[in-house]
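Okay, so here's the structure we're looking at.
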Amino acid sequence: MEQKKGQGKQAQNKEFVKEITPKAVDYSQWYIDVILKTKMMDYAPMKGFMAIRPAGYALWEKIQEQLDRRFKDTGHENAYFPTFIPQNLLQKEADHVEGFAPELAWVTKGGNEILNEPLAVRPTSEAIICDFYSRWIQSWRDLPILINQWCNVVRWEKSTRPFLRTSEFLWQEGHTCHRSEEEAEAETLKMLEVYREFLETEMAIPALAGRKTEREKFAGSLRTYCVEALMTDGRALQAGTSHNLGQHFAKVFDITFLDQDDLLKHVWQTSWGVSTRLIGALIMVHGDDRGLVLPPRMAPTQVVIVPILGKKDRDRVLKSVLELEGRLKESVRVKLDDREEHSPGWKFNEWEMRGIPVRIEVGPRDLDKNQVVLARRDTGEKEFVSNDDLPARLQQLLVEIQEDMLARALEFREANTRRGADYEEFKRIMETERGLYLAPWCGDDSCEEKVKNETRATIRCLPFDMEPEGDKCFACGGKAVEAAYFARAY
RNA sequence: CGGGGCGUAGCGCAGUUUGGUAGCGCACUUGGUUUGGGACCAAGGGGUCGUAGGUUCGAAUCCUAUCGCCCCGACCA
Numbered sequence: 001m002e003q004k005k006g007q008g009k010q011a012q013n014k015e016f017v018k019e020i021t022p023k024a025v026d027y028s029q030w031y032i033d034v035i036l037k038t039k040m041m042d043y044a045p046m047k048g049f050m051a052i053r054p055a056g057y058a059l060w061e062k063i064q065e066q067l068d069r070r071f072k073d074t075g076h077e078n079a080y081f082p083t084f085i086p087q088n089l090l091q092k093e094a095d096h097v098e099g100f101a102p103e104l105a106w107v108t109k110g111g112n113e114i115l116n117e118p119l120a121v122r123p124t125s126e127a128i129i130c131d132f133y134s135r136w137i138q139s140w141r142d143l144p145i146l147i148n149q150w151c152n153v154v155r156w157e158k159s160t161r162p163f164l165r166t167s168e169f170l171w172q173e174g175h176t177c178h179r180s181e182e183e184a185e186a187e188t189l190k191m192l193e194v195y196r197e198f199l200e201t202e203m204a205i206p207a208l209a210g211r212k213t214e215r216e217k218f219a220g221s222l223r224t225y226c227v228e229a230l231m232t233d234g235r236a237l238q239a240g241t242s243h244n245l246g247q248h249f250a251k252v253f254d255i256t257f258l259d260q261d262d263l264l265k266h267v268w269q270t271s272w273g274v275s276t277r278l279i280g281a282l283i284m285v286h287g288d289d290r291g292l293v294l295p296p297r298m299a300p301t302q303v304v305i306v307p308i309l310g311k312k313d314r315d316r317v318l319k320s321v322l323e324l325e326g327r328l329k330e331s332v333r334v335k336l337d338d339r340e341e342h343s344p345g346w347k348f349n350e351w352e353m354r355g356i357p358v359r360i361e362v363g364p365r366d367l368d369k370n371q372v373v374l375a376r377r378d379t380g381e382k383e384f385v386s387n388d389d390l391p392a393r394l395q396q397l398l399v400e401i402q403e404d405m406l407a408r409a410l411e412f413r414e415a416n417t418r419r420g421a422d423y424e425e426f427k428r429i430m431e432t433e434r435g436l437y438l439a440p441w442c443g444d445d446s447c448e449e450k451v452k453n454e455t456r457a458t459i460r461c462l463p464f465d466m467e468p469e470g471d472k473c474f475a476c477g478g479k480a481v482e483a484a485y486f487a488r489a490y
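The first sequence begins at 1 in our numbering and counts up by one.
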C-alpha cells in the first residue's frame, strides 16, 4: 500500500466543464458529443450499430406516438411482418434487388444446418409484404389495404453516423394497395403531407416537400416524394419519403383483384417511411453549444423543477416543490430533481444540456414572495412568476417556445436558401456556406450527375407548383423545365 | 473500398521517443461540511495497457500480425 494518495491540493477549476465541442469548431464532433453526453446512444461492439439509450428512445416514443395517431386518423392499421425475406422474393423486382443488393445482410445458417435458401434481413419490407398481399387480396372489396409496420431494418452501410445512418435502424413503413392510380397517388401525397405537418407541428422543423429525381428515387418505385430539412451546418437531410410504387410490385408479385367491371386488375401501391434519423434531425436543427434543445411538444420532460435546498430552509422548500410537482403534473410533463448530491448549478447545466424546455427554480427567497423563477432553454431568459399565475403561464410559455423554435428554424432556412442561376456562384456556395440553392434545371440525369461530381451537391427535391426562374438550366445551359433545390446532403 | 487518427480504470487522458513492473482529472464508495449557474475536506475501491505471437533478464513502451472504433471521401433512410 502506498501513501501517495490524497495529496490534498485539488485543481481549482472554476470553469464549466467543457464537455461539448462548440459547433463552430467541429460540427461532427459537436453532434457526437451531444448524443454521447446526453446519453442518447452508445456505440455497439460492432461497427455501424448502436444502442439507443432511454434519453434517445424517449424521443423515438414521442415520434411514434404522434405519428401513429396521425396514421390511425387517416385510416391505417398496424401489423407486423417477418424480419427475414427469402432470396427469391427479394429478387422478383429487378430495380429493387439491384438497389438494395450492396447493403443486404444474409442469414445462411439455421442452427447447425446450412439453409437451402438464404434469408435476407429486411432492408425494407416491400418484397415480403407483397407476397402476403398477393394472397390477401381477391376483390375490389378488399381494397384499399392500409397497413403500417413499426420495426427495425438492416442495411449494411459503408460509412455510418449515429441516428443519421446506421446499419440497423428503427422506422415505420406504410404499405398500401389501391384500386386506381389516382387513389394511390392521392395516398402517396397525403402521407407526405402527414410527414410535413408532423415535422412542423411537433418537431418544429420546417420541411420542404417535393419530388425526387429519377436518380434519387426509391429502387422500384414509379415516383418518390420527400420532405427535406436543412441542418444548421448547411447540409440537407431527407426526413421522410413517400413512394408511389405504381404496379411494378403488383405485377411481379401477382397482386390482383377482380374489379366491379369483372376484369382482373393489378393493384396500385404506395409505401412511405420515416426513421430514427429524425432524432438526428431534431438535434441538428435545434441544438446549440450547450447541448440539446427540445421543442416542448417533443420533450419527454417539458419542465424540470430544481429546488434550492439551503440547510436552514431545506424542509419548507422541499415541501413546496413536492406540492408544486403534484399541482403541475396534470397539465405538463414535469420532473422534480430533488437529488441532494448535486448543487443547483450542476443541475441547471445538466438539464440544459439535455434540452428540457423549461426550468423552474424554487428557493427560500421565492417562497417568501410566493413566486418561482422560470428559465427557458431556447433563449436562456428568466422570469419571475407568482404561484397563482404559474400553471397558465407555463402552458403559454411552452406554446411560445414551440412557436419561436419553429420560427427560428424557418428563419435559418430562409437565410440559407439562395435562388439564382449562376453556376459559378452555386459552386462557391456549396464549397463555403452551403445551404439550399434553388435553380432552374433541365431535368436531365447526366446533368445532375455532372453537378454532383463537380460540387458534391445533389438535387434534394423538385418543389411542387414552382416554375423555374429563367428558361436555361443553370448547370448545362439546356432548356430549363423545372425548379430544383440543390444541396450537399447527409 | 481509399486517406487520416486512435485503442492504457466507467469516461477523458499522460506515460511509448530513451524498455525497469502503471499515473492524473472526472466519475464511483464511506463520513462530514455545503446548496440562487457544474461545492469542499478526508479516507477508499477499481486497470494482466485491444488481441496474438516475437525480441529481451525484464515490454504499455521495440518488432510482426491481427481485430475494432472514430473522422474525411467513393456508394446509400
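Just so it is clear, CB atoms sit at the ideal spot from N, CA and C, and this is done for glycine as well. Just so we're clear, the structure is a prediction, and the values are computed from it rather than from any experiment.
Exposed unless 16 or more other CB atoms sit within 10 angstroms - verdict on residue i
| i | result |
| --- | --- |
| W30 | buried |
| Y80 | exposed |
| R365 | exposed |
| D378 | buried |
| W272 | buried |
| K369 | exposed |
| K492 | The requested residue 492 does not occur in the structure, where the chain is confined to residues 1 to 490. |
| L324 | buried |
| I20 | buried |
| T108 | exposed |
| H342 | exposed |
| K92 | buried |
| K217 | buried |
| V25 | exposed |
| W60 | buried |
Opposing strand residues paired with residue i [DSSP bridges]
| i | result |
| --- | --- |
| Y195 | DSSP, once it has assigned bridges, lists no residue as partnering Y195. |
| L504 | The requested residue 504 is not part of the displayed model; the chain covers only 1 to 490. |
| Q172 | W150 and V274 |
| L438 | R419 and Y485 |
| N349 | None; N349 has no bridge partner. |
| C177 | I145 and Q269 |
| D288 | G291 |
| E113 | G110 |
| L237 | A229 |
Contact belief for residue i with residue j at Cβ below 8 Å, rounded distance in angstroms
| i | j | result |
| --- | --- | --- |
| V317 | G363 | 7 Å |
| A457 | P468 | In fact, because the Cβ distance is near 17 Å, the residues do not count as touching under 8 Å. |
| C130 | I255 | 6 Å |
| F486 | Y423 | Not confirmed; about 10 Å, so no contact. |
| G280 | F163 | 4 Å |
| M284 | M353 | So it is not a contact: roughly 16 Å between Cβ atoms. |
| R495 | V399 | As shown, the chain starts at 1 and ends at 490. That puts residue 495 outside it, with no answer to give. |
Continuous beta strand (DSSP E) stretch holding residue i: start and end
| i | result |
| --- | --- |
| Y485 | E482 to A487 |
| L462 | T458 to P463 |
| R376 | Q371 to R376 |
| S386 | K382 to S386 |
| E361 | V358 to V362 |
| R211 | L208 to R211 |
| F257 | T256 to L258 |
| K335 | V334 to L336 |
| P468 | Per DSSP, P468 belongs to no beta strand (DSSP E) and is neither H nor E. |
| P296 | Careful: P296 lies outside any beta strand (DSSP E) and carries neither H nor E. |
| I308 | Neither: I308 is in no beta strand (DSSP E) and is coded neither H nor E. |
First and last residue of the uninterrupted alpha helix (DSSP H) at residue i
| i | result |
| --- | --- |
| S343 | Careful: S343 lies outside any alpha helix (DSSP H) and carries neither H nor E. |
| L59 | P54 to D73 |
| N453 | D445 to T455 |
| D315 | R314 to L328 |
| H502 | What is shown of the chain runs 1 to 490, which leaves residue 502 out entirely. |
| K251 | H248 to F253 |
| C226 | Careful: C226 lies outside any alpha helix (DSSP H), inside the beta strand (DSSP E) at R223 to L230. |
| G99 | A94 to F100 |
| V34 | Y27 to K37 |
| Y43 | Y43 -> not in any alpha helix (DSSP H); beta strand (DSSP E) instead, spanning M41 to Y43. |
| S127 | The sequence shown places Ala at residue 127, not Ser. Per DSSP, A127 belongs to the alpha helix (DSSP H) from E126 to W136. |
Spell out a yes or no on whether the region 143-158 and the region 166-175 are touching, meaning 3 or more CB-CB pairs, one atom from each, closer than 8 Å.
-> Segments in contact, yes.
Does the region 72-88 touch the region 118-133, meaning 3 or more C-beta pairs lie closer than 8 Å?
-> Taking one beta carbon from each stretch, the region 118-133 and the region 72-88 have 3 or more pairs nearer than 8 Å; the two touch.
Looking at C-beta atoms only, is the number of pairs between the region 347-360 and the region 298-305 that lie closer than 8 Å three or more?
-> The way I'd put it, the region 347-360 does touch the region 298-305; three or more beta-carbon pairs between them come closer than 8 Å.
Using 8 Å as the threshold, is the region 260-278 in touch with the region 31-38, meaning 3 or more CB pairs across them?
-> With the cut-off at 8 Å, the region 260-278 and the region 31-38 do not touch.
Between the region 436-455 and the region 413-420, do three or more beta carbon pairs fall short of 8 Å?
-> With the cut-off at 8 Å, the region 436-455 and the region 413-420 touch.
If you pair each beta-carbon of the region 130-142 with each one of the region 187-195, do three or more pairs fall below 8 Å?
-> Proximity of the region 130-142 to the region 187-195 falls short of the contact definition, fewer than three beta-carbon pairs being nearer than 8 Å.
How do the region 197-204 and the region 63-72 stand: do at least 3 beta-carbon pairs fall below 8 Å, yes or no?
-> A contact is defined here as three or more CB-CB pairs under 8 Å, and the region 197-204 meets this definition with respect to the region 63-72.
Tell me, please, whether the region 213-223 touches the region 442-450 by the rule of three or more beta-carbon pairs shorter than 8 Å.
-> These segments touch.
With contact counted as at least three CB pairs below 8 Å, one residue from each stretch, are the region 112-121 and the region 242-251 in contact?
-> With a cut-off of 8 Å, the region 242-251 and the region 112-121 do not count as touching, because too few Cβ pairs lie within range.
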